[in-house]
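Numbered per our numbering, the sequence shown spans residues 10 to 389. Single-structure report; data block below.
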Amino acid sequence: MKNLFRFALSALALIAFTIPAIAYPDVAKDHWAAKQIEILTEKGVIVGYPDGTFKPDENVSRAEFASMAIKALGQEHTTVAQPVKFTDIEPGFWAYDSIQKALYFDLISCPPEGQPFRPDDTVTRAESISVAVNALTTEQISDFKAKEVLSKKFTDVKEVPEWFVIPAGKAEILDMLVTAPSQDKKKIEANRPATRAEVCAILYNMMEQAKLNPNAKLAEAMRKKTGEGYVVENAFVQGSVGTIPAGSIIPVKLSKYISSQSSQPGEIYSAYAPENYVTKDKYILIYKGSSLKGQLLDVRSGKWFVRNGVLVLDNSLITTNNDQTVEFAGVGEVTKDRNWFMKIVRATLKGEKLNVEPEGVVYMKLLKPIKVDLTNGWIF
10 MKNLFRFALS ALALIAFTIP AIAYPDVAKD HWAAKQIEIL TEKGVIVGYP DGTFKPDENV
70 SRAEFASMAI KALGQEHTTV AQPVKFTDIE PGFWAYDSIQ KALYFDLISC PPEGQPFRPD
130 DTVTRAESIS VAVNALTTEQ ISDFKAKEVL SKKFTDVKEV PEWFVIPAGK AEILDMLVTA
190 PSQDKKKIEA NRPATRAEVC AILYNMMEQA KLNPNAKLAE AMRKKTGEGY VVENAFVQGS
250 VGTIPAGSII PVKLSKYISS QSSQPGEIYS AYAPENYVTK DKYILIYKGS SLKGQLLDVR
310 SGKWFVRNGV LVLDNSLITT NNDQTVEFAG VGEVTKDRNW FMKIVRATLK GEKLNVEPEG
370 VVYMKLLKPI KVDLTNGWIF
């Protein structure tokens, strides 16, 4: 039975860890945007259809694109204090928060109060590319310069909307003006609805460029987050990535009672981080409240003159404040602090009973390293 529980939980961990990497049957490995589609799927920015397909040539609504853009930039948990009112979306609309965040981060222009957003209209190439450019700090160029840059490659510059000329010029300078191989490479086709594959390529370019030159508001939001908490002594930082090495010790609080006398091997437990786990420099690695799940690996009751109780926890998963569930392998053994007298008693007479009350703390030893994006808490 114990092995059955272990197998089931291990399978759950494997599924949770690998689901995002599932290949789409309608996206061949040599598809021009296969790499971008795979990476954005892994990051939870995009999802496929219920039948498992991706449909790369379908279109994307303006609401869907706003949601994707915010997720690509890792800003889905940002709070907007003063939302803008639209005539066609209410606070209960599924993408309302993402649209407000896109406005806050200057990804889209703020229209006059009370104007429609048109959430169900398809997003055009001009709209999607301009969002990608707006996410960045770029060199200022004139309308004349933009047209000059675009005219060297494209034949439909005169058809480009005036508002999109400069963003298009910047996109071309940054090699971000995506053109699918199936389309005429000599045309920008600014007003054509963007396909799902094109959107993935545009968002991927934006995501990579924003790591280097985000706009001012994004730069503030994307800085490494700091705070107080439990210091993981041997954790280290490289750039914006923090690493908790294997062997690190972290405290977790259990959600229910466990005991060497009544619990069973294979029993599932849940726990959570009682405080932030931070580096010595106070960079937050794991946020307070992140939930953990595992099973009791070894449970043996304490018996007089036979043995002291044994209670060992085997952790498998963590669900972060980003609603990301990934593998988090660790083991924790419940022990009691003893004075010298009790050490002698337990060594000779044995019989010690072990238990942890709800909200009780157990210290876990990580079995595998964990890498975290310190700007948004995403575990790689």
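C-beta atoms are modelled at their ideal positions from N, C-alpha and C, and glycine is treated no differently.
Item                                                                                                                                                          : Value
Could you pull out every unbroken beta strand (DSSP E) segment of at least 3 residues lying fully inside the segment 261-287, listed in chain order?          : 277-281
Among the candidates S139, S257, I182, whose CA atom is the shortest distance from the CA of S160?                                                            : I182
Can you tell me whether DSSP reads Q218 as helix, strand or coil?                                                                                             : helix
Would the beta-carbon of T147 fall within 7 Å of that of P125?                                                                                                : no
Among I295, P274, Q270, D290, which one has its Cα closest to the Cα of A282?                                                                                 : I295
Rounded to the nearest angstrom, what separates K234 and T384 at their Cα positions?                                                                          : 6 Å
Tell me whether V315 is buried or exposed, calling it buried when 16 or more other Cβ atoms sit within 10 Å of its Cβ.                                        : exposed
Once DSSP output is grouped into helix, strand and coil, what is the label at A30?                                                                            : Bear in mind that the predicted position of A30 carries a pLDDT of just 47, short of 50, making it unreliable; the figure below should be weighed with that in mind. The answer is helix: DSSP assigns A30 an H, G or I state.
Once DSSP output is grouped into helix, strand and coil, what is the label at R355?                                                                           : helix
Using a Cβ-based criterion (distance less than 6 Å to any ligand heavy atom), does V354 qualify as near the ligand NAP?                                       : For the structure depicted, the ligand NAP is absent and the ligand set is empty, with no information on it obtainable.
For V132, which residues of its own chain have a beta-carbon under 8 Å away from its beta-carbon, when the five flanking residues on both sides are left out? : N68, V69, S70, R71, E73, F74, P202, A203, V208
Using only alpha-carbon positions, find the residue among S300, F350, V321, G339 that is nearest to T328.                                                     : S300
From P170, A141, D152, K94, pick the residue whose C-alpha is nearest to that of A219; which is it?                                                           : A141
Can you give me the C-alpha to C-alpha distance between S191 and A210, rounded to a whole angstrom?                                                           : 14 Å
Answer with buried or exposed for V241, where buried requires no fewer than 16 other C-beta atoms within 10 angstroms of its C-beta.                          : buried
Which residues in the same chain have their Cβ closer than 7 Å to the Cβ of F173, if we skip the five residues on either side of it in sequence?              : A135, S139, A199
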